[in-house]
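Protein chains in written order, with UniProt numbering: chain A, 1 to 157; chain B, 1 to 157. Only one structure is covered here, and it is reproduced in the block below.
There are 2 protein chains.
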Amino acid sequence: MDRTDDSLIALRRILRATELFGKELAHAAGLSPVQFRVLQLVAEQGMSTPKAISVQMGVTQATITALLDRLEKQGMITRARSQVDRRQMNIAVTEKGRATVAEAPDPLQQRYVRQFESLKDWEQAQIIAALERVASMLDAEDMDASPVLHSGEIKPS
Amino acid sequence: MDRTDDSLIALRRILRATELFGKELAHAAGLSPVQFRVLQLVAEQGMSTPKAISVQMGVTQATITALLDRLEKQGMITRARSQVDRRQMNIAVTEKGRATVAEAPDPLQQRYVRQFESLKDWEQAQIIAALERVASMLDAEDMDASPVLHSGEIKPS
DNA sequence: CTTTTTGCTTCGCCAAGCAAAGTAACCTCA
DNA sequence: TGAGGTTACTTTGCTTGGCGAAGCAAAAAG
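Here it is, written out as structure tokens:
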């Protein structure tokens, strides 16, 4: 079907664009894309743990340890042993980290958001409906997609 | 705006899903995601060059050289100096490579396509419109997005 | 027939990923 | 309570993917 191809092509364009934006963004912030992602995650949640981050990003803890080492060395985050569960480390964003995230606004978001918000109401609604439809077609049967979003709960110190 | 957030969330779901599929797929094929992508590219086009691949993937040629080394060692592709322009290498997929791509059908495509094709006509049209809209919002100013698809022309040997 | 450009490789480097093994803290249940 | 298992994290050692710079050979431009 032509139709299917069209939709796949559009999807790929989206993927490609976001990939490039990711690089751009991270470069601007002086961090690698992955480092920035971690920083964003922690900043969003105010506080996190290596375990939680590893689950959210779908990588092993060992990888996160290394990433946090680098972010810590750059003064973006701090590690502190949790008082509640002394096995856990509480990861917090420093002022510098917070500033980095804030000042390097996601270019994807920036550009896209600006345009999206200039759309008419019904257009926005329609796009959201379509995106959600596509998203659910993609991750519907992905039985561990939703768990991932909720597991790795953290008890902050 | 809530609306904007909704659309971004849907977008991220899409990104996450495709990322996971990428890993899944590559794992099934016994190749890394990146290696598989290269193989797919070459297979699609029947023949390519390191330069063309590097442009299409947005990485340097040095990176491609290394990737091709691995794919060649695994007997997935062959390198042959072009007779037309002796600076160029013609990259071709071997039978094994072709089989690998064929037998490890893109799970993203599989699952998504099946569902997409079961949609009503007007739904398909609407989704395509929305996706294309989003894509163009994302890569509109990215002046080399479209060129990328066409540049790196190759004169096969 | 130089000079510049292009296409590819090599080299040396670093980041990101994994698995496996190690350590410390927590939990269980007998 | 205390022995054995589980959980959270780190360390180690390895592979892959990525880059820039340097190099070489071929082609294109003067």
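Think of the CB as a built atom: it goes at the ideal place given N, C-alpha and C, for glycine as much as any other residue.
ARG81(B) places its beta carbon 8 Å or farther from that of ILE91(B). Against chain A, the CB of ASP6(B) has a partner CB under 8 Å away; the residue lies at that interface. Rounded to the nearest whole angstrom, the CA to CA distance from SER32(B) to PHE36(A) is 23 Å.
A distance below 6 Å between beta-carbons, with the five flanking residues on each side excluded, links ILE64(A) to the following residues of its chain, in chain order: PRO50, ILE53 and SER54. When the alpha-carbon of THR100(A) is set against those of LEU41(A), ARG86(A), ALA125(A) and VAL113(A), the nearest one is in LEU41(A). Take the alpha-carbon of MET89(B) and the one of GLU19(A): they are about 28 Å apart. Using a CB distance cut-off of 8 Å, PHE36(B) does not count as an interface residue toward chain A. C-alpha of GLN56(A) to C-alpha of PHE21(B): approximately 16 Å in a straight line. Per DSSP, MET57(A) lies in no beta strand (DSSP E) segment; the continuous alpha helix (DSSP H) that holds it begins and ends at 50-57. With respect to the 8 Å criterion, MET76(A) and GLY97(A) are classified as neighbours on the basis of their beta carbons. At a cut-off of 8 Å between C-beta atoms, GLY46(B) does not count as an interface residue with respect to chain A.
Bounds of the alpha helix (DSSP H) holding THR65(B) are 61-73. Taking the Cα of ALA29(A) as reference, the smallest distance to any Cα among ASP69(A), LEU68(A), GLN74(A) and ALA62(A) is reached at GLN74(A). Residue burial annotation: ASP121(B) is exposed, with fewer than 16 other C-beta atoms found within 10 angstroms of its C-beta. The C-beta distance from LEU71(B) to LEU39(B) rounds to 6 Å, short enough to fall under 8 Å.
One Cα belongs to ALA62(A), the other to GLN110(B), and the distance between them is close to 33 Å. Going by C-alpha positions, ALA43(A) is about 6 Å away from VAL93(A). C-alpha of GLU95(A) to C-alpha of VAL34(A): approximately 20 Å in a straight line. Closest option to ALA135(B), judged by alpha-carbon separation, among ARG133(A), ASP69(A), ARG87(A) and LEU8(A): LEU8(A).
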